[in-house]
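First comes the structure, then the notes that go with it.
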Amino acid sequence: MVEIIESVRQRKTCFPSGDFCPLEAALFGVVAPAGTPPAVVGKINAAIDQALAKPAIRERLLGMGMVPVGGPPSDFKTFLKRDSVRWAALIKAADIRVE
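Here it is in structure tokens:
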């Protein structure tokens, strides 16, 4: 799997400190199979970034409570790795198991 782009992230503040509610966030992203040529990843990423830059699309997403993000594939890859580590630690600490 190759991370292409983080397209939309919705985050809601629910604490007086302005912190976000971790369970009320939604993330939408696009990925491609491992081995996808970088040129193809770049082309898809550019098309998504162009779409997210269009005012009509941005307004529609914002109207649904979403925040368009876009950006380079490396940002989404970093986010996914960091998030995986965070959730793995929580699962281990809570001794959560598949039944």
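Positions 91 to 189 (our numbering) are the ones given, in order, by the sequence shown. Even glycine gets a Cβ: it sits at the ideal position worked out from N, Cα and C.
DSSP-derived helix/strand/coil call for G125: Here residue 125 refers to the residue found at position 35 when the sequence shown is read from its first residue. Coil.
Alpha helix (DSSP H) segment containing E149, residue limits: Here residue 149 corresponds to residue number 59 of the sequence shown, with the count starting at 1. Segment P145 to G153, the alpha helix (DSSP H) holding E149.
Simplified DSSP assignment, three categories, for G160: By 1-based counting over the sequence shown, the position of residue 160 is 70. G160: coil per DSSP, three-state reduction.
Classification of V159 by the beta-carbon crowding that lies within 10 angstroms, buried from 16 upward: For the purposes of this step, residue 159 is taken as residue 69 along the sequence shown, with counting starting at 1. V159 comes out buried.
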